[in-house]
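Engineer: Following this message is one structure expressed as structure tokens.
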Amino acid sequence: MRCCFSAHLPALAALSAFPGPCEVLRSGARLAPALLRTASAAMQRARSHHPDDLTAVNLELVTLTEDTAVITWYTGIPGTDDGLGHPLPAITEGEVVYGTHPSRLNRTASEGRPTAHHQVELTDLEPGQTYYYQARSRGVAATPTPLHLVRGNAVGTSTFGFGTGGGPYSFTTPQPPPGRHLLSVALCNDLHLGETTAGLVGGLPLLRGVVQQPGRAPYPELMSRALVEEARRRGADLLLAGGDISAGGAAHDLREARRILDGFGTHGRDYFVVRGNHDRSRDTGTFRTAFPGGDGDDGPGYFARDLGGLRIIGLDTYAKSGNGADAGGLGAEQLAWFRARLRQAPDQPTLVFGHHPLTVRDSVFPVTRGQCLERRQARAVVDAYASAPGVFLHHAGHTHRNKRTVLTRAPHVTQQEVAAAKEYPGGFTLLRIHSGGYALNHYKSGDLAARQWSERSRRVAAGLWPHHALGRSVTDRNSVTAHDLSGVTVSRSVNRT
1 MRCCFSAHLP ALAALSAFPG PCEVLRSGAR LAPALLRTAS AAMQRARSHH
51 PDDLTAVNLE LVTLTEDTAV ITWYTGIPGT DDGLGHPLPA ITEGEVVYGT
101 HPSRLNRTAS EGRPTAHHQV ELTDLEPGQT YYYQARSRGV AATPTPLHLV
151 RGNAVGTSTF GFGTGGGPYS FTTPQPPPGR HLLSVALCND LHLGETTAGL
201 VGGLPLLRGV VQQPGRAPYP ELMSRALVEE ARRRGADLLL AGGDISAGGA
251 AHDLREARRI LDGFGTHGRD YFVVRGNHDR SRDTGTFRTA FPGGDGDDGP
301 GYFARDLGGL RIIGLDTYAK SGNGADAGGL GAEQLAWFRA RLRQAPDQPT
351 LVFGHHPLTV RDSVFPVTRG QCLERRQARA VVDAYASAPG VFLHHAGHTH
401 RNKRTVLTRA PHVTQQEVAA AKEYPGGFTL LRIHSGGYAL NHYKSGDLAA
451 RQWSERSRRV AAGLWPHHAL GRSVTDRNSV TAHDLSGVTV SRSVNRT
């Protein structure tokens, strides 16, 4: 099953979705350093190594809040290959040493058990403080995923430590959102239940896709269950699933998705779901059979709910005929309904979610028409936002990446693209709503089997996937924004039972 990121490739009807020459050249310029780094790494693997050697790689600062940081990396056996150009796992202890001065890393955090797929959380950090850190596996310093070579940074909020072969690297914790914490919302998308190969791109040899290891659970189910568990553990009160819940709209895949998401709570109360282009099938009622609308449902695939002053609007961004390759579309009826909803209460705190982004900027891969909402409709949505100061967030999926974009014509609205739940980096974004603002923080699923698949699936797109999916800067996956949300009166205690 092809992923939605590349669904425009196989059919003649989709030829118009291919990128133009300028997009191809721009993408090539961005990816050239990463390709050179990949070739260099292949040469390193060809060298002979001592049997006790290990390599610590793919260091990433995934999550950064005002008082915590989550750091991941992988320990492998040099000179080995798992068939995807990736070293075989080396099970060993891992630790992060850190402090407020690069020459005094006097604090230590560890996992408590040996593993090859390390995930260490630093806690009790001070807001607004700069920290220096180094991740180690059996004393070997971990080196970062080279996102900084394509105008990104995988390991910190500055370039401190680059070129040292293991750091220490540096990050500065943000200030918390202003005001009192009201509730937390897990934002996720692209579960793709039923998919068997991640990253298929039109059968191109370079982009052949990655499959799960024999004997392991199907990765969409594994990652979706891990997401639900992690979201609950991180204190999410609500969960919003922004489309492509299934790989092809099959009834049995949607039923399985419903069973998994029901592990979070009750559909229509604790979690809400919208359709993506992959969720459409010839039987138009299949999706609604699995996820029926409740009282007050306003349309076949879109809805609005008022949750204690917080208005949630779910959009069906592929309410049209087509093969999923072309741009998303709302349809005239849904667009009119949406505009009317915002006009009714323009100042009400409002979160909008749908599958297709309104705009796609700064992609390391060529941008095509099929990656976002149809241009005129996207402009109409942004115009509606410009007249509705209460709207503060537009959550989208489809691109399978973390990317924060402030909408120029409606600067009070942040568009947050969230990486796919089904593959690397694998997880969700936690929205923490305070009375005076909000924070967005991306979390990888911490389940060990999920970590294993996440590491394996980073080989999507011939190993270039991290340069696209993780987020080219820490702020693309972790941010704090001031916004008056005092109109939200919902209490955390009444959301979950």
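The sequence shown begins at 1 in the working numbering and counts up one residue at a time.
Even glycine gets a Cβ: it sits at the ideal position worked out from N, Cα and C.
Across which residues does DSSP place Arg404 in a beta bridge pair?
Structural biologist: Here residue 404 is taken as the residue at index 404 of the sequence shown, counted from 1. Gln416, per the DSSP bridge assignment.
Engineer: If contact is defined by three or more beta carbon pairs under 8 Å, each pair taking one atom from either stretch, is the region 397-407 in contact with the region 153-171?
Structural biologist: The region 153-171 is not in contact with the region 397-407.
Engineer: What is the residue span of the beta strand (DSSP E) that Thr481 lies within?
Structural biologist: As a first step, residue 481 must be located in the sequence shown, where it is residue number 481. Start and end: 478-482.
Engineer: Between the C-alpha atoms of Asp362 and Ser473, what's the straight-line distance to the nearest angstrom?
Structural biologist: Your numbering for residue 362 matches position 362 in the sequence shown. Your numbering for residue 473 matches position 473 in the sequence shown. Distance between the alpha carbons of Asp362 and Ser473: 12 Å.
Engineer: Please report the straight-line C-alpha distance between Glu374 and Leu430, rounded to a whole angstrom.
Structural biologist: To locate residue 374, count along the sequence shown from 1; it is residue 374. To locate residue 430, count along the sequence shown from 1; it is residue 430. For Glu374 and Leu430, the distance between alpha carbons rounds to 28 Å.
Engineer: Going straight from the alpha carbon of Arg45 to that of His118, what length do you get?
Structural biologist: Translated into the one-based positions of the sequence shown, residue 45 becomes position 45. Translated into the one-based positions of the sequence shown, residue 118 becomes position 118. Caution is warranted here: a pLDDT of 47 is assigned to Arg45, below 50, making its placement in the model unreliable, and the coordinate value is therefore given only provisionally. Approximately 21 Å, taken between the alpha carbons.
Engineer: Could you tell me if His483 is buried or exposed, where buried requires 16 or more neighbouring beta carbons within 10 angstroms of its beta carbon?
Structural biologist: On the sequence shown, residue 483 is found 483 positions in, with the first residue counted as 1. Label assigned to His483: buried.
Engineer: To which residues of the same chain is Leu54 closer than 8 Å at the C-beta, ignoring the five residues directly before and after it?
Structural biologist: Residue mapping note: residue 54 aligns to position 54 of the sequence shown, counting from 1. Same-chain partners within the cutoff: Thr75, Gly76, Ile77, Pro78, Ala90, Thr92, Ser137, Arg138, Val140.
Engineer: Could you tell me the boundaries of the alpha helix (DSSP H) in which Val382 lies?
Structural biologist: If you number the sequence shown from 1, residue 382 lands on position 382. Its alpha helix (DSSP H) spans residues 375-386.
Engineer: Using the three-state DSSP reduction, which class does His267 fall into: helix, strand or coil?
Structural biologist: Start at 1 with the first residue of the sequence shown, and residue 267 comes out as number 267. Note: His267 maps to strand in three-state DSSP.
Engineer: Nearest-angstrom Cα distance between Leu183 and Asp270?
Structural biologist: Here residue 183 refers to the residue found at position 183 when the sequence shown is read from its first residue. Here residue 270 refers to the residue found at position 270 when the sequence shown is read from its first residue. In a straight line, the C-alpha of Leu183 is about 12 Å away from that of Asp270.
Engineer: Report the rounded CA-to-CA distance for Glu121 versus Gln334, giving the unit in angstroms.
Structural biologist: For the purposes of this step, residue 121 is taken as residue 121 along the sequence shown, with counting starting at 1. For the purposes of this step, residue 334 is taken as residue 334 along the sequence shown, with counting starting at 1. Rounded to the nearest angstrom, the two C-alpha atoms are 43 Å apart.
Engineer: Any idea what DSSP makes of Asp295, helix, strand or coil?
Structural biologist: Taking the first residue of the sequence shown as position 1, residue 295 is located at position 295. Caution is warranted here: a pLDDT of 39 is assigned to Asp295, below 50, making its placement in the model unreliable, and no coordinate value can be reported.
Engineer: Counting only the same chain and skipping the five closest in sequence on each side, list residues whose C-beta sits under 6 Å from that of Ser281.
Structural biologist: Here residue 281 is taken as the residue at index 281 of the sequence shown, counted from 1. Closer than 6 Å at Cβ, skipping near neighbours: Gly249.
Engineer: Using three-state DSSP, classify Ser457 as helix, strand or coil.
Structural biologist: Taking the sequence shown and counting its residues from 1, the one referred to as residue 457 is at position 457. Helix at Ser457.
Engineer: When the Cα of Ala421 is compared with those of Ala217, Met223, Gly194, which residue comes out closest?
Structural biologist: As a position in the sequence shown, residue 421 is number 421, starting the count at 1. When only C-alpha atoms are compared, the closest one is Met223.
Engineer: List the DSSP bridge partners of Ile433.
Structural biologist: As a working mapping, residue 433 is identified with position 433 in the sequence shown. Answer is Leu183, Tyr438, bridged to Ile433.
Engineer: If Asp81 sits next to Pro127, beta carbons under 8 Å apart, how far is it from one beta carbon to the other, in whole angstroms?
Structural biologist: Residue numbering aside, residue 81 sits at position 81 when the sequence shown is read from its first letter. Residue numbering aside, residue 127 sits at position 127 when the sequence shown is read from its first letter. Contact doesn't hold; Cβ gap of about 44 Å is too wide.
Engineer: Which same chain residues, not among the five before or five after Arg305, have their C-beta less than 6 Å away from its C-beta?
Structural biologist: Taking the first residue of the sequence shown as 1, we reach residue 305 at position 305. These residues qualify, in order along the chain: Ile312.
Engineer: Let's see if you can read the secondary structure: which residues bound the alpha helix (DSSP H) around Glu221?
Structural biologist: Residue numbering aside, residue 221 sits at position 221 when the sequence shown is read from its first letter. Its alpha helix (DSSP H) spans residues 219-233.
Engineer: What does a CB cutoff of less than 7 Å around Gly296 pick up in its chain, not counting 5 residues either side in sequence?
Structural biologist: Position 296 of the sequence shown, counting from 1, holds the residue named residue 296. Summary for Gly296: the model assigns pLDDT 40, below 50, so the residue's position carries little reliability; its value from the coordinates is reported in the next sentence. No residues qualify anywhere along the chain.
Engineer: Relative to the alpha-carbon of His434, which residue among Leu64, Leu147, Ser486 has its alpha-carbon at the smallest distance?
Structural biologist: Residue numbering aside, residue 434 sits at position 434 when the sequence shown is read from its first letter. Closest option to His434, Cα to Cα, is Ser486.
Engineer: Thinking C-beta only, is Ala290 closer than 8 Å to Asp447?
Structural biologist: Translated into the one-based positions of the sequence shown, residue 447 becomes position 447. Translated into the one-based positions of the sequence shown, residue 290 becomes position 290. Not a contact, by the Cβ cut-off of 8 Å.
Engineer: Quick check on Ile312: does DSSP put it in helix, strand or coil?
Structural biologist: Reading the sequence shown from its first residue, position 312 is the one you call residue 312. Three-state result, Ile312: strand.
Engineer: May I ask you to check if the CB of Lys320 is nearer than 7 Å to at least one heavy atom of the ligand MN?
Structural biologist: The ligand MN is not part of the structure shown, which contains no ligands of any sort.
Engineer: Out of Gly354, Ala345, Gln344, Thr130, which has the shortest C-alpha to C-alpha gap to Leu330?
Structural biologist: Here residue 330 refers to the residue found at position 330 of the sequence shown. Comparing Cα positions, the closest option is Gly354.
Engineer: Using 8 Å for Cβ pairs, my map puts Ala257 next to Ile245. What's the rounded Cβ distance?
Structural biologist: Working through the sequence shown from its first residue, we reach residue 257 at position 257. Working through the sequence shown from its first residue, we reach residue 245 at position 245. Ala257 to Ile245, Cβ: 5 Å. Contact.
Engineer: Just to confirm, is the Cβ distance from Leu342 to Ala384 under 8 Å?
Structural biologist: Here residue 342 corresponds to residue number 342 of the sequence shown, with the count starting at 1. Here residue 384 corresponds to residue number 384 of the sequence shown, with the count starting at 1. Contact: yes.
Engineer: What does the Cβ neighbour count give for His252, buried or exposed, with the cut at 16 atoms within 10 Å?
Structural biologist: As a first step, residue 252 must be located in the sequence shown, where it is residue number 252. It counts as exposed.
Engineer: Taking just the CA atoms, how far does Ser479 sit from Gly179?
Structural biologist: Position 179 of the sequence shown, counting from 1, holds the residue named residue 179. Position 479 of the sequence shown, counting from 1, holds the residue named residue 479. Between Gly179 and Ser479, the C-alpha separation is close to 16 Å.
Engineer: Classify Gly203 as buried or exposed, calling it buried when 16 or more other Cβ atoms lie within 10 Å of its own Cβ.
Structural biologist: On the sequence shown, position 203 is the one that residue 203 refers to. Here the model assigns Gly203 a pLDDT of 46, short of 50, so the residue's position is not dependable and the matter cannot be decided.
Engineer: So what does DSSP say about Ala46, is it helix, strand or coil?
Structural biologist: As a working mapping, residue 46 is identified with position 46 in the sequence shown. Model confidence at Ala46 stands at a pLDDT of 48, short of 50, so the residue's coordinates are unreliable; what they give is reported in the following sentence. Three-state result, Ala46: coil.
Engineer: What is the rounded straight-line gap between the Cα of Gly437 and the Cα of Pro177?
Structural biologist: Numbered from 1 along the sequence shown, position 437 holds the residue referred to as residue 437. Numbered from 1 along the sequence shown, position 177 holds the residue referred to as residue 177. Roughly 5 Å between the two C-alpha positions.
Engineer: Please classify Leu261 as buried or exposed, where buried requires at least 16 neighbouring CB atoms within 10 angstroms.
Structural biologist: Working through the sequence shown from its first residue, we reach residue 261 at position 261. Leu261 is buried by the Cβ-count criterion.
Engineer: Taking just the CA atoms, how far does Gly85 sit from Val391?
Structural biologist: Along the sequence shown, read from residue 1 onward, the residue named residue 391 stands at position 391. Along the sequence shown, read from residue 1 onward, the residue named residue 85 stands at position 85. Cα-Cα distance, rounded: 45 Å.
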